[in-house]
Structures are given as C-alpha cells and as structure tokens.
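Residue numbers (numbering that gives the first Met the number 0), protein chains in the order written: chain B, 0 to 297; chain Y, 0 to 297.
Protein chains: 2
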Amino acid sequence: MTENTAADFPAWAKTKQTRIEEVLDEALPPDSRQPHRLHSAMRYSALGGGKRVRALLCYATAELCNTGIEVADAAAAAVELIHAYSLVHDDMPCMDDDDLRRGKPSCHKQYDDATALLVGDALQSLAFDVLSTPQLCTNANQQISMLNILAKAAGSTGMAGGQAIDLDSVGKALSQQALEDMHQLKTGALIQAAALLGAANGTLEQVSAVHIYAENIGLAFQVVDDILDTEADTATLGKTAGKDADSNKPTYVTILGLDVAKALADQLHETAIAALAPFGDRALRLRQLAGFITQRSF
Amino acid sequence: MTENTAADFPAWAKTKQTRIEEVLDEALPPDSRQPHRLHSAMRYSALGGGKRVRALLCYATAELCNTGIEVADAAAAAVELIHAYSLVHDDMPCMDDDDLRRGKPSCHKQYDDATALLVGDALQSLAFDVLSTPQLCTNANQQISMLNILAKAAGSTGMAGGQAIDLDSVGKALSQQALEDMHQLKTGALIQAAALLGAANGTLEQVSAVHIYAENIGLAFQVVDDILDTEADTATLGKTAGKDADSNKPTYVTILGLDVAKALADQLHETAIAALAPFGDRALRLRQLAGFITQRSF
Chain B
0 MTENTAADFP AWAKTKQTRI EEVLDEALPP DSRQPHRLHS AMRYSALGGG
50 KRVRALLCYA TAELCNTGIE VADAAAAAVE LIHAYSLVHD DMPCMDDDDL
100 RRGKPSCHKQ YDDATALLVG DALQSLAFDV LSTPQLCTNA NQQISMLNIL
150 AKAAGSTGMA GGQAIDLDSV GKALSQQALE DMHQLKTGAL IQAAALLGAA
200 NGTLEQVSAV HIYAENIGLA FQVVDDILDT EADTATLGKT AGKDADSNKP
250 TYVTILGLDV AKALADQLHE TAIAALAPFG DRALRLRQLA GFITQRSF
Chain Y
0 MTENTAADFP AWAKTKQTRI EEVLDEALPP DSRQPHRLHS AMRYSALGGG
50 KRVRALLCYA TAELCNTGIE VADAAAAAVE LIHAYSLVHD DMPCMDDDDL
100 RRGKPSCHKQ YDDATALLVG DALQSLAFDV LSTPQLCTNA NQQISMLNIL
150 AKAAGSTGMA GGQAIDLDSV GKALSQQALE DMHQLKTGAL IQAAALLGAA
200 NGTLEQVSAV HIYAENIGLA FQVVDDILDT EADTATLGKT AGKDADSNKP
250 TYVTILGLDV AKALADQLHE TAIAALAPFG DRALRLRQLA GFITQRSF
C-alpha cells in the first residue's frame, strides 16, 4: 500500500482537517486577550466545524504543485477565515436571518448582532493578516499575487458581489446562465481562490488545469448544495433545510428539476476530473476531493 | 515664496483631497458594472466627502520620507477604504444606528441594511486589493509589510477591536486610561497605519518619529471629536451631534470635563510636534496637519 491509495482518502482528509483546525487555532487571538467577547465570538465562528472543503482543496493543489506546507497552511487558513466571515454575515437578520449554523446557534444568536458584524469584519482582516505574514514565501512577488487573488475573490466582483446578486434575485425568475453567473461569484470565486493559492508553486500547465478543475468543482458544489437543500433534513445538514426554496430563492433544483440538476452535477464532476488527466497519480487527491464534494450528503 | 510656506497649506490639502478622490474613483468599480446596486452603494459611501485626514497624513509622511507617489496613492486609498467601510458598518442599526453621515443619509438609509453590510465587506476587500497591486513597490517585501500593517490596524487588535470595546463600554464608568486604550484601537490604529504606510521609504529615525507623531495626533483627533460632539451642532458636523453623550458612551468630555479635555488636546498636539523637531522644514506639512486636526471645527 502506497500513501496515495484511494482507500486512504478519509484518513488524508482527516489529517488535513485536524491540521487546518490547529493552524486556525494558532492564528486566532486567544479569548483571554482583549476584547474578550469579540475574540471568543471569532473563535466560536471559525473553529470546530465544517467540512473544510476549501482548505482541503488548497492542500491538495499544494501537494500537486509542490507548494511548501507553510505557504499552504497560511493560504488555507486565509481562505477558511474569509469563508467563516461570510457565513457569520450571511446568517445575520438583515441577510438570511438563520439561527442555526453547523448544528449550533449562529454567531448573532449565540452573541448579538453587533458582535456578529464585528466578528465578520475582523475575520476578514485576519485572513489578510495571515496571508501577509512577512517572509512567508521565498518569492515575495508570488505572495503579493496570492494576496491580490484573495482580495479579488472576496470583493464586489467575487464573493460579496455574488451575495449582492443573490439578494437581488429573490422572487425573480433567473435563467440557468444567470444562476450560474451568480454562483460563480458567490461560492465559486473563493473555491477557485483556494485551489489557485495552493497551486502557488505550480507550472503554467498545472495552474491552468487547476483553474478549470476548480471552476467546475465550485459550480458542482453549489448544485449539490441545492439538491441537498431539497432532499436532506435539518439535522443532517446542521443548518435549516429547505430554506432557499422557502424563501423563494431560485436554485438549480427549482430551475432545472431534481433529475436534471443531478445530471448537471455529474457532468461538472466529469469535466473537473478530465482537466486533471495530464497529471496521473499526482492529482489523486484532487480527484478524490471532486468525488467527496459531489457525492456528499451533508 | 517657496512651495512649502505655511500659507499654502489649504491649497496643498485641497490638491491632495482632489487627488485621493480621483484615486478612489478609479479604484472603485463603476456602477455600470454588475452588481450595479452594490457598486453604486460602495461609491456613494466612499466618494465625495470627509476631510480625508488619513489620506493627508499618508501623503504628508510620504513627502517627508520620499515614498513614491504611486505607493502613497495606493496606501492612502487603502486606508480611506478601510475607514469608509468602518463608517458604513458603524452607522448600521445594530451598531450606532445613525441616519446621517457627512450630511447625507447613511448607507443603510439610502440603500438598505443588507446592502450596507455587503458594502462594508466589499470596501474592506477592495482596500487589500488596491494595496496588493502587483509591482506597486520596487521592494516586494516592503509591500507585504505594508499589507500586514494595514491588516493588523483593521482587525480585532486594531480598529474592529476598538469598536468591540466601545460597544462594551456603553453605560460603564471608564478610567481615562481605559478610554485612551479603546481609542488607540478604534481610531488610533488606522491613523497610525496611514502615517506609517506613507513612511514606507523612511529611515529608521523618520519612521520612529512618525510613529510617535501619529500616536499623539490620533488621540488628539479623538479628544477633539468628543469636544466637537459637545460643542458643535448637527449641521456643522454633518452627523448627529451630542450622540455619544446621549447614548451614555463615556467620552473625554464626560470623564475629564471640557476644559481639561481641551488642555489634553493641546498637550497631545505639542508632543506630536516635538517628535518632528529633527526634520525641520521637511516636516512642515505634518506640523500643519497636526494643527488642522486639533483646531478643526468640523
């Protein structure tokens, strides 16, 4: 048995999930430090939960591209911090108004609205703090480029822009293309950033393949999310199920129907896998991750 | 008359205020770009107003330290974008719930709460986007260090942390020291960052002096804010006057009384000026700015 057998994917994923938890634990100020309540709420929101799909993607492309582990740690942490901030703000009363996140009360329920607002703000700053650690990369220009990728992925033409389009689409009949454009920003941009940051040391060919892979897997992630929102129950999801359909938000399931949505997820999965063909066994983790993302039930 | 005469300070400030407005106008996506409403609200919140004290500080230290104008532009824009985001979030109902900002309806009043939340989030991302422009600095390590300074100034041990302590202090009897610690984070951290980023090309002696100057002027800025909040009326301020005292927030005036607060502002001003002594005429703009900040009436 070599290290890279398909059977050991759960073990690999578990190792990386434990690792990113430790990296985040280290990056987040202790709640013994002033302001205590803010730091406590930041740790509550960013630690101890989630599939860490973005971190796994980052570690997997880092392995493919021989990106150093310290760079991969910082990149994975930065992306997870941006993701965590977006969930905290997304759950707030003026956005999705969701009381439940990862099976626990969401940040504004556990603390309060003002704290949740500041938690999201400070988690975003921390993401850029971590990724701008002096001397992180041997090549400082590469590090600046990573920071720029993350900033664009998070901003008004990335994730935050996707959220804005999402808000604006409630109750509207969107075309599949419009829905896809929205999701490419809302979830796709950060998933692509995770994969690209891990590929910091990659060749042009590798980075280009990672780009296609991430684009397709990011969209597949969202299609599966919509399918799960229809099929799963709240206990399994750890967040309120059926919420998007209830709130009259267009989803892949409402636009395409359940069967076509499932076929689309399969097709995106195949396209993602095909992009990895030139790399043979070196891309095993990314292939497994694609399966993990499209066949998940949570 | 040389360029650097005291009399031309208003002209210098006006030139820089116009310049930062143009830099920000260029950095902000046009509202013709999707998502239109978000981009329109970002521009509404970040353009066309304010004293631009942080940008002026950044340009003035850049002149003292021979930091290139493109670097100063990016640094000044990044700091102003962080400042603008903090105002948008600070005005939201779950925070200060203020309807007026710079004489106009605050962002959440003009648009809506969800949009204001995203505007703040996206303005913060844009700040890091602008400062991570590839090839901005000749020395890439210097640019990474600038990004790290900004991230720390904005985060939970900087501005956002100060906001959290501020929230927590409502209705409490703070000591002058506790109030000072809070303000050193809430407004001081970003003002110091503005001065330090402009000093990117400075010698050790220059950076060290800029640090002392900025620490004192940042605090003076807040003391004067509290004095103005007591003395000025809403029309002059462009925001709701008397708000802090009304909301039972401790201020320098409530803790020290008006006369002692005024004496403190004078003393901080003097300490800031004293730090600039070694630089003679080269620090004229910084001296003038210190006067501008402590003697303002708006």
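Where a beta carbon is used, it is the ideal one built from N, C-alpha and C, also for glycine.
What would DSSP say about residue i, mapped onto helix, strand or coil?
i, result
"Y:Lys-303", "Given a span of 0 to 297 for chain Y in the structure shown, any question on residue 303 of chain Y remains unanswerable."
"B:Ala-198", "coil"
"B:Pro-277", "helix"
"Y:Tyr-302", "Outside the shown range of chain Y (0 to 297) lies residue 302 of chain Y, about which nothing can therefore be said."
"Y:Val-169", "coil"
"Y:Thr-229", "helix"
"B:Gln-16", "helix"
"Y:Gln-306", "Outside the shown range of chain Y (0 to 297) lies residue 306 of chain Y, about which nothing can therefore be said."
"B:Gly-187", "helix"
"Y:Gly-256", "coil"
"Y:Asp-98", "coil"
"Y:Pro-249", "coil"
One question on the structure: do residue i and residue j come within less than 8 Å of each other, judged by their Cβ atoms?
i, j, result
"Y:Ile-226", "Y:Lys-185", "no"
"B:Cys-57", "B:Asn-200", "no"
"Y:Leu-195", "Y:Ala-208", "no"
"Y:Leu-80", "Y:Ala-12", "no"
"Y:His-38", "B:Ser-105", "no"
"B:Leu-189", "B:His-82", "yes"
"B:Ala-191", "B:Ala-219", "Correcting the residue identity first, residue 191 of chain B is Gln in this sequence and not Ala. No, they are not a contact pair."
"Y:Leu-146", "B:Ser-124", "no"
"Y:Met-181", "Y:Ser-168", "yes"
"Y:Cys-93", "B:Asp-112", "yes"
"Y:His-107", "Y:Asp-120", "no"
"Y:Ile-211", "Y:Ile-292", "no"
"Y:Tyr-84", "Y:Ala-40", "no"
"B:Arg-101", "B:Val-78", "no"
"B:Ile-272", "B:Arg-286", "yes"
"Y:Arg-51", "B:Ala-163", "no"
"Y:Ser-174", "Y:Val-118", "no"
"B:Phe-127", "Y:Ala-150", "yes"
"B:Ile-254", "B:Leu-135", "no"
"Y:Gly-197", "Y:Ala-71", "yes"
"Y:Ala-139", "B:Ala-139", "yes"
"Y:Gly-187", "B:Pro-34", "no"
Please classify residue i as buried or exposed, where buried requires at least 16 other C-beta atoms within 10 Å of its C-beta.
i, result
"B:Gly-279", "exposed"
"B:Ile-19", "buried"
"B:Ser-144", "buried"
"B:Thr-1", "Annotation note: pLDDT 45 at B:Thr-1 (below 50); position unreliable, coordinate value reported separately. B:Thr-1 comes out exposed."
"B:Val-223", "buried"
"B:Thr-17", "exposed"
"Y:Arg-284", "buried"
"Y:Thr-137", "exposed"
"B:Pro-249", "buried"
"Y:Ile-148", "buried"
"Y:Gln-205", "buried"
"Y:Val-259", "exposed"
"B:Lys-171", "exposed"
"Y:Ala-295", "Per the sequence shown, residue 295 of chain Y should be read as Arg rather than Ala. Classification of Y:Arg-295: exposed, given that the 10 Å Cβ count is below 16."
"B:Glu-62", "buried"
"B:Ala-10", "exposed"
"Y:Lys-15", "buried"
"Y:Ala-75", "buried"
"B:Ala-26", "buried"
"Y:Ala-221", "Contrary to the premise, residue 221 of chain Y reads as Gln rather than Ala in this sequence. Y:Gln-221 is buried by the Cβ-count criterion."
The region 95–127 of chain Y: positions lying closer than 9 Å to chain B by Cβ:
His-107, Asp-111, Asp-112, Ala-113, Thr-114, Ala-115, Leu-116, Leu-117, Val-118, Gly-119, Asp-120, Ala-121, Leu-122, Gln-123, Ser-124, Leu-125, Ala-126, Phe-127
Select from the region 195–225 of chain Y all residues with a C-beta closer than 8 Å to any C-beta belonging to chain B, and list them in chain order.
none
Taking only runs of the alpha helix (DSSP H) that begin and end inside the region 22–93 of chain B, which ones reach a length of at least 4 residues, in chain order?
35–45, 52–64, 68–89
Run through the region 108–174 of chain B for me and flag every whole alpha helix (DSSP H) of 4 or more residues, listed as ranges in chain order.
112–130, 139–153, 158–168
Between the region 141–171 of chain Y and chain B, which residues of the former have CB atoms less than 7 Å from a CB of the latter, in chain order?
Gln-142, Ile-143, Ser-144, Leu-146, Asn-147, Ala-150, Lys-151, Ala-153, Gly-154, Ser-155, Thr-156, Ala-159, Gly-160, Gln-162, Ala-163, Ile-164, Leu-166, Asp-167
Listed from N- to C-terminal order along the chain, which residues in the region 55–89 of chain B have their beta-carbon within a distance smaller than 9 Å of any beta-carbon of chain Y?
Ile-81, Tyr-84, Ser-85, His-88
Mind listing which residues of the region 19–46 of chain B have their C-beta closer than 8 Å to chain Y's C-betas, in chain order?
Pro-28, Arg-32, Gln-33, Pro-34, Arg-36, Leu-37, His-38, Met-41
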